[in-house]
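Novice: Convert by adding 1 to the 1-based position in the sequence shown; the result is the number in the working numbering. Dumping the structure here so I can ask a few things about it.
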Amino acid sequence: MGTVYITHEDAFIGKTDERLTVKANKQLLLDVPLIKVDGVVVLGRATVSPAVVMELLEKRIPLSFLMATGRYLGRLEPEMTKNIFVRAAQWEASGDSERAVGAVRGFVRGKLKNYRIALLRRQRETPELNLQEGIQRIENAIAPIDTTHSIDSLRGLEGAGSAAYFGCFPQCIKNPLFQFPGRRRRPPTDPVNSLLSFGYALLRHDIQGAVNIVGFDPYLGYLHVERYGRPGLALDLMEEFRPLIVDAIVFNAINNQKLTPSDFTTEPISGAVSLTPDGLKIFLRMYEQKKQDRFTHPVM
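Here's what the structure looks like:
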């Protein structure tokens with residue numbers, strides 16, 4: 002089963018014996034053994050019973066709360082693992098230590114190489130695209146990584162490569178019903194940015210859960226500077242998976258018309274764009290399928 006997504010407004014999440022149940026309007030929407038659940042994501046309003054909260058904590062199953070726009074509200078976390086030695090080593094390597102610089106090199110290299118690979122695939126699939134300039138700019142950002150010894154400088158290379166990648170995004174969208182005006186997050190004001198933000202929020206749920214299982218401190222990152230309440234390490238580890246998972250799903254959904262403009266709604270005051278209930282189901286299904294994919298990937 003993997004992750005359970007609760008999208009129904011005013012749903013009630015309960016527990017019967019060792020099974021997770023979801024009900025709405027006196028109808029049973031879901032009944033699944035807890036042993037098959039490794040995460041729960043609630044989108045919108047839902048009531049979670051105290052029995053479910055206690056069971057999820059006991060079984061170390063993360064529970065996250067998101068808005069349909071992709072805004073991450075928070076999560077219920079089990080107690081940290083007792084392996085203090087892992088976290089002590091993580092903190093010891095923080096700052097501008099040689100190990101921290103090495104870690105940041107890996108994060109930036111992985112992200113930019115996957116950006117490059119993603120664009121090369123788009124170019125190969127659609128030869129009429131002109132992505133070579135963007136690809137070259139990403140390669141120019143990759144080239145000095147191994148000889149760069151400053152974390153701030155590595156962040157600059159990451160920023161340059163990301164700008165080149167998103168500069169190519171409009172060309173990669175082949176469906177004329179969708180446009181990409183540039184990366185806009187808070188809030189996303191168009192369907193493409195809405196999908197990106199929502200997909201990245203789902204990815205964060207998965208990565209942060211994995212970080213907690215291993216025993217790291219999710220809030221101490223190396224590439225992402227320390228900020229109150231921001232899970233820096235989870236965001237660091239997300240970077241190289243963004244183009245492989247979320248961006249690939251977005252291109253698939255839009256270019257293959259699995260989602261149409263009618264699958265989105267706009268909030269009248271803020272202008273925030275989010276998926277409709279039907280659109281949510283389509284995107285969540287694609288996300289879960291993508292996580293199960295096996296594919297050959299070039300050595301980093």
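From the three backbone atoms N, C-alpha and C, an ideal C-beta is built for every residue, glycine too.
Beta strand (DSSP E) containing Pro39: first to last residue?
Specialist: Reading the sequence as shown, one finds Asp at residue 39 and not Pro. Unbroken beta strand (DSSP E) run through Asp39: Val38 to Leu44.
Novice: So, Val274 versus Pro192, is the Cβ gap smaller than 8 Å?
Specialist: Yes, the pair counts as a contact, with Cβ atoms nearer than the cut-off.
Novice: Would you list, in sequence order, the uninterrupted beta strand (DSSP E) runs of no fewer than 3 residues that lie entirely inside the region 238–274?
Specialist: Correct list: 265–267.
Novice: Is Ala12 helix, strand or coil by DSSP?
Specialist: Reduced to three states, the DSSP call for Ala12 is strand.
Novice: With which residues is Tyr73 paired in a DSSP beta bridge?
Specialist: Paired residues: Leu67.
Novice: Can you tell me whether Asn115 is buried or exposed, with buried defined as 16 or more other CB within 10 angstroms of its CB?
Specialist: The residue is buried, with at least 16 neighbouring Cβ atoms inside 10 Å.
Novice: I'd like the span of the beta strand (DSSP E) that includes Pro34, first residue to last.
Specialist: Residues Gln28 to Pro34.
Novice: Quick check: Asp218 and Gln91, are their CB atoms within less than 8 Å of each other?
Specialist: Yes, they are a contact pair.
Novice: Quick check for students: name the residue ranges of the alpha helix (DSSP H) that lie wholly in the region 188–238, counting only runs of 4 or more.
Specialist: You should have 192–215.
Novice: Flag this pair as yes or no: are the beta carbons of Arg205 and Tyr220 separated by less than 8 Å?
Specialist: No, they are not a contact pair.
Novice: Would you call His150 buried or exposed, if buried means 16 or more other Cβ atoms sit within 10 Å of its Cβ?
Specialist: That one is exposed.
Novice: Determine the burial state of Asn213: buried for a count of at least 16 other Cβ atoms within 10 Å of its Cβ, exposed for fewer.
Specialist: With 16 or more other Cβ atoms within 10 Å, it is buried.
Novice: Between Leu276 and Asp264, is the Cβ-Cβ spacing less than 8 Å?
Specialist: It is a contact, given that the beta carbons lie within the stated cut-off.
Novice: What does a CB cutoff of less than 8 Å around Thr266 pick up in its chain, not counting 5 residues either side in sequence?
Specialist: Val274, Ser275, Leu276 and Thr277.
Novice: Quick check on Lys112: buried or exposed, where buried means 16 or more other Cβ atoms within 10 Å of its Cβ?
Specialist: By the 10 Å Cβ count, Lys112 comes out buried.
Novice: Using DSSP with H/G/I as helix, E/B as strand and the rest coil, what is Gly96?
Specialist: Coil.
Novice: Terminal residues of the continuous beta strand (DSSP E) containing Gly3?
Specialist: Residues Gly3 to Ile7.
Novice: Out of curiosity, what's the CA-to-CA distance linking Leu21 and Leu203?
Specialist: Cα to Cα, Leu21 sits roughly 20 Å from Leu203.
Novice: Is Thr127 helix, strand or coil by DSSP?
Specialist: In the structure shown, Thr127 sits in coil (DSSP, three-state: anything other than H, G, I, E or B).
Novice: In the DSSP assignment, what are the bridge partners of Val49?
Specialist: Bridge partners of Val49: Ile14.
Novice: Classify Pro189: buried if its beta carbon has 16 or more other beta carbons within 10 angstroms, exposed otherwise.
Specialist: Buried: at least 16 other Cβ atoms inside 10 Å.
Novice: Considering only their Cβ atoms, is the gap separating Val5 from Val38 smaller than 8 Å?
Specialist: In contact: Val38 and Val5 (Cβ atoms closer than 8 Å).
Novice: Just list the residues that DSSP pairs Lys24 with in beta bridges.
Specialist: Partner(s): Phe13 and Leu29.
Novice: Buried or exposed: which applies to Asn194, given that a residue is buried once 16 or more other Cβ atoms fall within 10 Å of its Cβ?
Specialist: Asn194 should be labelled buried.
Novice: Note down, in chain order, each residue of its chain lying with its Cβ closer than 7 Å to the Cβ of Asp32, except the 5 sequence neighbours on either side.
Specialist: Closer than 7 Å at Cβ, skipping near neighbours: Arg20 and Thr22.
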